[in-house]
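Each residue of the sequence shown is one higher than the one before, starting from 1 at the first, in the UniProt record's numbering. By construction, the Cβ of each residue, glycine as well, lies at the ideal position given by its N, Cα and C atoms. Quantities reported herein were computed from a predicted structural model and do not represent experimental measurements. What follows is a set of notes on a single structure, which appears directly below.
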Amino acid sequence: MSSSVDQIKSRIMPTNTIAYIDASNLKFGIEQSGWNLDYKSFRSWLRDKFGVSRVILFMGLIPDNSDLYNFLQSIGYAISFKPTITSKEGKTKGNVDGELILAIAKDFYENKLESAVLVAGDGDYHCIVEFLKEKNVPVKIVSPNRKYLSLLLKRTNVPIIILDEFIESLRQK
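Below, the structure is given as structure tokens:
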């Protein structure tokens, strides 16, 4: 039997809140602010602050990073990989915007999504945020920093949380 606190919390926070993370956008934004993210603390923070039950990292697959992928999965992240392409200059790219947007739409239409947390600052996600608003799905944006937060996302008028403001509890020590 649930306690009265659990019953109240379940009425306040949707139980199927999913965080969709553009891993490259998150990593780049944090690095631009000059700090490193503690992914274990971040996973807990998402759960505690937003009631996130599932966290999906969208990232390009780089075979040499298998230890990192195993670690992230062991602390509660699901990972959606995209094949990467390496340019002639040696830069590896795995653009995940389309995959992340499709995953949100799919989860919505399969009734797996009560609310969403989008971790990115990229304006390419404007369309999916507007879609969720039209469908009355609560959505919040977590941007790595204010400097690279797109004006298009600001214009959605959904709650935006800036990770830099939580640096003390989320910084890798």
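Per DSSP, reduced to three states, the secondary structure at I30 is helical. For a cut-off of 8 Å, the C-beta gap from L100 to D22 is around 6 Å, short enough to register as a contact. The C-beta distance from L153 to V129 rounds to 7 Å, short enough to fall under 8 Å.
In this structure, the CA atom of K40 is about 12 Å from the CA atom of D48.
I141 and I75 have their C-alpha atoms some 22 Å from each other. Counting along the chain, no alpha helix (DSSP H) covers D22; the unbroken beta strand (DSSP E) around it starts and ends at T17 to D22. Using a Cβ distance threshold of 8 Å, K106 and Q32 do not count as a contacting pair. The criterion of a C-beta distance shorter than 8 Å is not satisfied by L149 and V139. Non-local beta-carbon contacts of V137 in its own chain, meaning distances under 8 Å to residues more than five positions away in sequence, involve F108, L113, E114, S115 and A116 in chain order.
The beta carbons of S53 and T17 sit about 6 Å from each other, so the pair counts as a contact at 8 Å.
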